[in-house]
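**Q** Residue numbers (this note's numbering), protein chains in the order written: chain A, 23 to 417; chain B, 2 to 115. Glycine included, every Cβ here is placed at the ideal spot set by N, Cα and C. Since the structure is predicted, the reported quantities are computational estimates derived from the model, not experimental observations.
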Amino acid sequence: MTAVLCRHFGLNHIEIAEDIASDTFLRASEHWAINGIPKNPTAWLYTVAKNKTKDYFKHVSVFETQIKEAIKPKETEAEIDFEFSEQHIFDSQLAMIFAVCNPANSIEAQICLALQILCGFSMEEIANAFLTKTETIKKRLHRARANLRNDNFQIKILSETEIKSRLDTVLKTLYLLFNEGYFSKTNNHLIRKDLCSEAIRLTLLLTENPLTNQPQTNALLAVMCFQSSRLEARTDDKGEVVLFDEQDKKLWDKSLIERGNYYLVNAFIGNEVSKYHLEAGIAYWHTTPTDKNKWQHILQLYNQLILIEYSPITALNRTFAFAKVYGNKKAIIEAEKLNLTGSDYYHELLGYLYSETNIAKAIEHYEQAIRQTKSKTEKQTLTKEIERLKKVSQT
Amino acid sequence: MKEFALIFRLKDIADFKPTPEQMQERMNWLAGIASQNKLVDKGNTLLPSAESAKTVKPNNVVTDGAYTEIKEFISGYIVVKTDTIDEAVEMAKANPIFDQVGGSIEVREVLKRD
Chain A
23 MTAVLCRHFG LNHIEIAEDI ASDTFLRASE HWAINGIPKN PTAWLYTVAK NKTKDYFKHV
83 SVFETQIKEA IKPKETEAEI DFEFSEQHIF DSQLAMIFAV CNPANSIEAQ ICLALQILCG
143 FSMEEIANAF LTKTETIKKR LHRARANLRN DNFQIKILSE TEIKSRLDTV LKTLYLLFNE
203 GYFSKTNNHL IRKDLCSEAI RLTLLLTENP LTNQPQTNAL LAVMCFQSSR LEARTDDKGE
263 VVLFDEQDKK LWDKSLIERG NYYLVNAFIG NEVSKYHLEA GIAYWHTTPT DKNKWQHILQ
323 LYNQLILIEY SPITALNRTF AFAKVYGNKK AIIEAEKLNL TGSDYYHELL GYLYSETNIA
383 KAIEHYEQAI RQTKSKTEKQ TLTKEIERLK KVSQT
Chain B
2 MKEFALIFRL KDIADFKPTP EQMQERMNWL AGIASQNKLV DKGNTLLPSA ESAKTVKPNN
62 VVTDGAYTEI KEFISGYIVV KTDTIDEAVE MAKANPIFDQ VGGSIEVREV LKRD
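Given below as structure tokens:
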């Protein structure tokens with residue numbers, strides 16, 4: 023809703039759009055509690071929002087014409103002109119993401135803003151996505167919003183070059199949106215399919231537009247398809263996570279794997295190898311159940327990926343693949359060099375690597391992971407694993 | 002953190018082309034450093050053959066091939082960041098090149114030109 027409202031307001035009034043959106047939902051909760059939920063709740067919400075917007079503009083126009091006329095005469099004109107043609111970006115959500123990905127801000131700040139305003143992420147979720155502290159994100163967002171206001175920009179038709187130059191940041195945003203859905207750590211859900219499908223929808227739109235239908239866009243969509251193909255198999259009926267080795271491969275969605283293959287082939291038009299190409303390659307190998315060199319391929323792809331861009335998650339996943347190829351003993355040496363003691367995944371990985379040879383150490387790491395994770399379901403899964411190890415050591 | 006260049010030297014041009022297995026081991030080593038977030042620059046390979054390498058000396062003297070006064074020639078470099086030179090030396094020690102073909106790795110602190 024904020025996105026749609028912003029189309030009418032211009033982005034320098036994001037706060038107002040957000041206020042109206044939340045006002046509308048407040049009205050809804052009061053009104054619906056008394057009168058019951060209307061037949062078409064979406065339409066109801068938009069009508070209320072529209073009226074509130076009209077009221078706002080009435081206020082503003084009085085203010086603008088009588089008081090501030092000299093300062094900002096063009097404000098309302100620009101708003102009438104505003105329209106997206108098919109050649110440009112037609113989806114309001116997507117258009118907003120492109121608008122927020124404004125080079126006036128740093129790339130990180132652009133992505134933070136997009137995730138907060140458009141994808142409805144909480145500060146905590148953004149901090150998780152960036153593997154950083156909530157406080158840092160709060161400051162970053164505050165500064166970014168100020169920058170946008172100072173820049174006094176609004177959603178306008180972006181030129182071809184602007185769209186192309188912003189595409190990388192937009193893809194990164196969609197990638198993080200998908201990942202938050204796939205590896206959700208907040209709200210005690212391990213998977214939030216709504217976020218995954220929204221990310222896929224938006225990326226799909228990008229492939230339908232010749233300007234944004236680039237190799238890396240297809241590669242990203244391939245990653246999403248491959249990952250989504252395992253969504254059903256990743257949790258059991260109690261909502262607990264099922265580890266990769268234990269997944270029922272019959273639950274993997276073959277049609278999504280085929281879609282992934284299709285986009286992956288499209289991604290190899292041209293010579294470019296982006297991080298999404300490598301991730302799609304890794305995800306592709308994960309969907310092939312048996313191949314004796316599977317983990318070799320995956321390790322090589324992770325090697326390339328970590329050279330393109332360091333991230334703690336890539337480093338940990340690479341070490342897992344290393345263990346699959348060279349054994350846990352050598353992988354423990356690699357893992358302990360990573361110096362990621364603040365990460366619950368790090369302790370999970372070491373717990374896993376030690377579980378064959380040193381159960382006491384494995385339990386120690388799993389317990390540390392439980393202390394550090396915020397996810398309830400992860401805690402349950404790890405507690406179970408500890409119980410299993412304790413039983414093994416008794417026999 | 003300080004930055005150090007690791008400069009690779011090989012003894013024999015014949016060692017220059019690694020086998021796929023040797024290549025994989027070298028990649029594992031490099032990615033291992035990157036996984037610790039200590040790789041500043043993944044560097045480049047420097048081609049040693051006559052058509053790809055020349056050495057220029059005073060009085061317009063130019064010789065073909067890589068500089069091999071000390072028999073070894075430079076085959077490439079990377080840049081890492083570590084707290085101490087000893088840590089960079091430990092990284093170099095773990096390079097699979099020593100088991101594969103020998104050679105040497107020179108560790109040099111980088112002084113940035115501003």
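(1) What alpha helix (DSSP H) runs, 4 residues minimum, are completely inside the region 310 to 353 of chain A?
(2) Is the beta carbon of Ile139 of chain A closer than 8 Å to that of Val122 of chain A?
(3) For Ser415 of chain A, collect the residues of the same chain with a Cβ closer than 7 Å to its Cβ; drop the 5 residues on either side in sequence, then sort them by chain order.
(4) Determine the direct distance from the alpha carbon of Leu286 of chain A to that of Met2 of chain B, and round the result to whole angstroms.
(5) Grouping DSSP H, G and I as helix and E and B as strand, with all else coil, what is Ala89 of chain B?
(6) Closer than 7 Å by C-beta to Val102 of chain B: which residues in its own chain qualify, once you throw out the five before and the five after it? Chain order, please.
(7) For Leu38 of chain B, return the contacting residues in chain A, with the cut-off set at a CB-CB distance below 7 Å.
(8) Would you list the one or two residues that DSSP bridges to Asn45 of chain B?
(9) What is the DSSP secondary structure of Phe120 of chain A, counted as helix, strand or coil?
(10) Is the shortest distance between the beta-carbon of Asp16 of chain B and the beta-carbons of chain A less than 8 Å?
(11) Kindly say whether Lys314 of chain A, judged by its beta-carbon, lies nearer than 8 Å to any beta-carbon of chain B.
(12) In chain A, which residues lie with their C-beta within 8 Å of the C-beta of Lys43 of chain B?
(13) Look up Phe99 of chain B in the DSSP assignment and say whether it is helix, strand or coil.
(14) Since Leu431 of chain A contacts Leu199 of chain A with CB under 8 Å, what's their CB separation in whole angstroms?
(15) Using a Cβ cut-off of 7 Å, which residues of the region 93 to 110 of chain B contact any Cβ in chain A, in chain order?
(16) Contact criterion: CB-CB distance below 8 Å. Does Thr154 of chain A meet it with respect to chain B?
(17) Look at Leu224 of chain A and Gln115 of chain A and say whether their C-beta atoms are less than 8 Å apart.
(18) Measuring alpha carbon to alpha carbon, tell me which residue in A:Asp270, A:Thr336, A:Gln238 and A:Leu253 is nearest Gly292 of chain A.
(19) Could you tell me which chain A residues have their CB closer than 8 Å to the CB of Ala51 of chain B, listed as they occur along the chain?
(20) One question on the structure: do Leu300 of chain A and Ala345 of chain A come within less than 8 Å of each other, judged by their Cβ atoms?
(21) So that I know if they touch, is there some Cβ in chain B lying closer than 8 Å to that of Lys11 of chain A?
(22) From this set, A:Met246, A:Gln132 and A:Gln326, which residue's C-alpha is nearest Ala343 of chain A's C-alpha?
(23) List, in chain order, every chain B residue whose beta-carbon is nearer than 8 Å to that of Thr341 of chain A.
(24) By the criterion of Cβ-Cβ separation under 9 Å, what are the contact partners of Gln1 of chain B in chain A?
(25) Can you give me the start and stop residues for the beta strand (DSSP E) that Asp1 of chain B sits inside?
(26) Could you have a look at Phe5 of chain B and say whether DSSP puts it in helix, strand or coil?
(27) Are the region 389 to 397 of chain A and the region 363 to 378 of chain A touching, with three or more C-beta to C-beta distances below 8 Å?
(28) Between the region 361 to 390 of chain A and chain B, which residues of the former have a C-beta closer than 7 Å to a C-beta of the latter?
(29) Starting from Ile106 of chain B, trace the beta strand (DSSP E) both ways and give me its first and last residue.
(30) Do Leu7 of chain B and Ile75 of chain B have their beta-carbon atoms positioned less than 8 Å apart in this structure?
(31) Which of helix, strand or coil does DSSP assign to Arg114 of chain B?
(32) Thinking C-alpha only, which one of A:Met145, A:Ser181, A:Leu180 and A:Phe152 is nearest His164 of chain A?
(33) I'd like the list of long-range same chain contacts for Arg19 of chain A, defined as Cβ closer than 6 Å, with 5 residues on each side in sequence excluded.
(34) Mapping the DSSP letters down to three states, classify Arg171 of chain A as helix, strand or coil.
(35) Less than 8 Å between CB atoms is the rule here; does Leu31 of chain B satisfy it with respect to chain A?
**A** Working from what's here:
(1) Within the region 310 to 353 of chain A, the complete alpha helix (DSSP H) runs of at least 4 residues are 316 to 330 and 334 to 348.
(2) Result yes, Cβ atoms of Val122 of chain A and Ile139 of chain A sit closer than 8 Å.
(3) The answer, listed in chain order, is Ile381.
(4) Cα-Cα distance, rounded: 40 Å.
(5) Helix at Ala89 of chain B.
(6) Taken in chain order, the residues that qualify are Leu11 and Asp16.
(7) Correcting the residue identity first, residue 38 of chain B is Asn in this sequence and not Leu. Here the neighbours are Tyr332.
(8) Beta-bridge pairing links Asn45 of chain B to B:Tyr78.
(9) Annotated three-state conformation of Phe120 of chain A is helix, per DSSP.
(10) Proximity of Asp16 of chain B to chain A, defined by a Cβ-Cβ separation below 8 Å, is not satisfied.
(11) Output row for Lys314 of chain A: interface = no.
(12) Chain-ordered, the chain A residues with CB closer than 8 Å to the CB of Lys43 of chain B read Leu329.
(13) In the structure shown, Phe99 of chain B falls within a helical segment according to DSSP collapsed to helix, strand and coil.
(14) Within the shown structure, residues of chain A are numbered from 23 to 417, placing residue 431 of chain A beyond reach of any answer.
(15) Taken residue by residue, none of the region 93 to 110 of chain B has a beta-carbon sitting less than 7 Å from a beta-carbon on chain A.
(16) For Thr154 of chain A, the answer is no, since every Cβ of chain B falls outside 8 Å of its Cβ.
(17) Taking 8 Å as the Cβ cut-off, Leu224 of chain A and Gln115 of chain A qualify as a contacting pair.
(18) Across the set A:Asp270, A:Thr336, A:Gln238 and A:Leu253, the C-alpha of A:Gln238 shows the shortest separation from the C-alpha of Gly292 of chain A.
(19) The contacting residues do not exist; Ala51 of chain B stays about 29 Å from chain A at best.
(20) Not in contact: Leu300 of chain A and Ala345 of chain A (Cβ atoms no closer than 8 Å).
(21) Because chain A spans 23 through 417 in this model, residue 11 of chain A falls outside it and cannot be assessed.
(22) Of A:Met246, A:Gln132 and A:Gln326, the residue nearest in Cα terms is A:Gln326.
(23) Within chain B, the residues near Thr341 of chain A are Ser36.
(24) There is simply no residue 1 of chain B to check, as chain B begins at 2 and stops at 115 in what is shown.
(25) An answer regarding residue 1 of chain B cannot be provided, because it is not within the stretch 2 to 115 covered by chain B.
(26) Correct three-state label for Phe5 of chain B: strand.
(27) Contact between the region 389 to 397 of chain A and the region 363 to 378 of chain A is present, because at least three Cβ pairs lie under 8 Å.
(28) Those residues of the region 361 to 390 of chain A that come within reach of chain B (Cβ to Cβ, closer than 7 Å) are Asn361.
(29) In the DSSP annotation of this structure, the continuous segment of the beta strand (DSSP E) that includes Ile106 of chain B starts and ends at Ser105 to Glu110.
(30) No, these two residues do not count as a Cβ contact at 8 Å.
(31) Note: Arg114 of chain B maps to coil in three-state DSSP.
(32) It is A:Met145.
(33) Nothing can be reported for residue 19 of chain A: it is not among the residues displayed for chain A, which extend from 23 to 417.
(34) Of the three classes helix, strand and coil, the one that applies to Arg171 of chain A here is helix, per DSSP.
(35) True, the Cβ-Cβ gap to chain A drops below 8 Å.
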